[in-house]
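Chains as they are written, first to last, in the working numbering: chain A, 1 to 181; chain B, 1 to 142.
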Amino acid sequence: MSGNRIPGAELQSLTQPRTLRRQLGPDLQNRRDSKPSYPTAGAGPRPVVVVGCGRTGAAIATAMSETGSTVKILDVSVAAFDLLHTGLIEDGQIVPIIGDGTLESDLRKASAQDADILIAVSGKDAANAMSAQIAHHILGVPRVICRLSDPVLEEMYKGLDLTTVSPTGLVSDLILSAAIG
Amino acid sequence: MYFLIVGAGRVGTAIARMLLDSDHEIAIIDSDEARCRAIEEELGGVVVPGEGTEAAILGRAGANRADVFIATTRRDDDNLVACQLAKHRFGAARVVALVNVPEHVELFNRLGIDVSVNTTAILVDSIQEDLASLMIEEVKGF
Numbered sequence: 001m002s003g004n005r006i007p008g009a010e011l012q013s014l015t016q017p018r019t020l021r022r023q024l025g026p027d028l029q030n031r032r033d034s035k036p037s038y039p040t041a042g043a044g045p046r047p048v049v050v051v052g053c054g055r056t057g058a059a060i061a062t063a064m065s066e067t068g069s070t071v072k073i074l075d076v077s078v079a080a081f082d083l084l085h086t087g088l089i090e091d092g093q094i095v096p097i098i099g100d101g102t103l104e105s106d107l108r109k110a111s112a113q114d115a116d117i118l119i120a121v122s123g124k125d126a127a128n129a130m131s132a133q134i135a136h137h138i139l140g141v142p143r144v145i146c147r148l149s150d151p152v153l154e155e156m157y158k159g160l161d162l163t164t165v166s167p168t169g170l171v172s173d174l175i176l177s178a179a180i181g
Numbered sequence: 001m002y003f004l005i006v007g008a009g010r011v012g013t014a015i016a017r018m019l020l021d022s023d024h025e026i027a028i029i030d031s032d033e034a035r036c037r038a039i040e041e042e043l044g045g046v047v048v049p050g051e052g053t054e055a056a057i058l059g060r061a062g063a064n065r066a067d068v069f070i071a072t073t074r075r076d077d078d079n080l081v082a083c084q085l086a087k088h089r090f091g092a093a094r095v096v097a098l099v100n101v102p103e104h105v106e107l108f109n110r111l112g113i114d115v116s117v118n119t120t121a122i123l124v125d126s127i128q129e130d131l132a133s134l135m136i137e138e139v140k141g142f
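What follows is the structure, given as structure tokens:
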């Protein structure tokens with residue numbers, strides 16, 4: 001590790017939308033090119049659904065809309081959508097929808113059943129676990145990613161075939177490397 | 001038999017009373033202090049205060065030796081996670097959940113959880129909705 005590294009710089013680079021785009025862009029492109037040959041209603045990639053418009057949800061929605069996907073983002077509170085850039089909403093690249101991601105009916109309002117990927121990042125682990133399982137078991141969404149702060153839940157749901165991300169471990173590692181490294 | 005109940009609301013408490021009357025061993029988990037106190041006063045030392053979605057609390061309440069685990073909160077997501085923890089992490093023999101939104105029954109069944117639909121809540125919610133529309137109509141009438 002370089003001596004003149006600013007503590008926390010690694011944390012910053014992890015949250016740069018650009019990094020996310022580089023990682024996800026080509027993958028989504030490939031998915032677009034290798035789509036199965038059934039008729040689709042409109043042109044373009046199938047939508048992304050984000051459940052939860054907190055800071056993380058808003059950042060993810062923004063980054064993914066910049067890769068060319070239409071992003072539908074669900075939140076129970078209309079005030080949450082203030083975190084989104086109005087330009088992206090006006091262009092229709094991000095579609096905010098008021099609803100509860102733990103209700104199958106609200107997930108369908110966000111067309112989750114037609115989505116390529118559902119990302120559950122609300123502030124509540126139980127809600128994310130439920131949204132993810134509805135998406136996976138009932139709606140058949142091909143890729144489902146779920147944030148779980150509780151490491152016990154992360155471990156359990158990994159064992160139940162969900163893709164999970166637990167910020168707790170990641171953040172501790174980053175802080176430790178900034179403190180010790 | 002040992003029954004572990006999450007949620008000391010109307011349903012959870014009613015189940016607890018019935019089980020105690022039949023001489024079973026029970027414990028109830030609830031996160032609300034006032035409810036915990038009320039249960040303790042009525043039923044004795046069967047309360048474990050805390051969240052039923054936290055492994056530490058479930059462990060403290062002996063979820064691993066539960067013959068039947070019953071989640072009765074008003075939130076289906078909490079009931080779901082509690083039941084899955086009880087089943088997969090603690091190996092509870094049988095898990096049952098109260099389901100507040102009928103469309104969720106399929107999900108719970110697919111995940112190996114027995115369910116009971118909270119018909120009272122559905123009825124109450126439905127009446128409240130009707131009342132709300134009635135009141136809106138009255139206000140419009142002004």
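Ideal placement from N, C-alpha and C gives every residue a C-beta, glycine not left out.
DSSP places Thr-163 (chain A) inside the beta strand (DSSP E), whose first and last residues are 163-165. Look at Lys-72 (chain A) here: in three-state DSSP terms it is strand. When Cβ-Cβ separations below 8 Å define contact, Val-141 (chain A) makes no contact with chain B. With 16 or more other Cβ atoms from the protein chains shown falling within 10 Å of its own Cβ, Met-64 (chain A) counts as buried. Within the same chain, and ignoring the five residues on either side of Val-117 (chain B) in sequence, the residues whose Cβ sits closer than 7 Å to its Cβ are Val-99, Pro-102 and Val-105. For the region 17-31 of chain B, there are no residues whose beta carbon sits under 7 Å from a beta carbon of chain A. Rounded to the nearest angstrom, the Cβ distance from Ile-138 (chain A) to Leu-111 (chain B) is 10 Å, too far for a contact under 8 Å.
Rounded to the nearest whole angstrom, the CA to CA distance from Ile-94 (chain A) to Ala-126 (chain A) is 25 Å. For the region 119-135 of chain A, the residues whose beta carbon sits under 9 Å from a beta carbon of chain B are, in order, Lys-124, Asp-125, Ala-126, Ala-127, Asn-128, Ala-129, Met-130, Ser-131, Gln-133 and Ile-134. Counting along the chain, Ser-126 (chain B) sits inside the alpha helix (DSSP H) bounded by residues 119-141.
Residue-level contact by beta carbon holds for Thr-53 (chain B) and chain A, with a gap shorter than 8 Å. The region 55-110 of chain B contains, as complete beta strand (DSSP E) runs of 3+ residues, the segments 68-71 and 94-99 (chain order). Between the region 116-126 of chain A and the region 52-66 of chain A there are three or more inter-stretch CB-CB distances shorter than 8 Å, so the stretches are counted as touching.
Counted as a single uninterrupted DSSP element, the alpha helix (DSSP H) harbouring Ala-38 (chain B) occupies residues 33-43.
Listed along chain A is no residue with a C-beta nearer than 9 Å to that of Gln-128 (chain B); the closest approach is about 17 Å. Taking His-24 (chain B) as reference, the option from B:Ala-71, B:Leu-43 and B:Asp-32 with the minimal CA-CA separation is B:Leu-43. When only Cα atoms are considered, Ala-110 (chain A) and Gly-101 (chain A) end up about 9 Å apart. Contact between Val-96 (chain B) and Val-68 (chain B) holds, since their C-beta atoms are separated by about 7 Å, short of 8 Å.
Bounds of any beta strand (DSSP E) do not take in Glu-66 (chain A), whose DSSP letter is neither H nor E.
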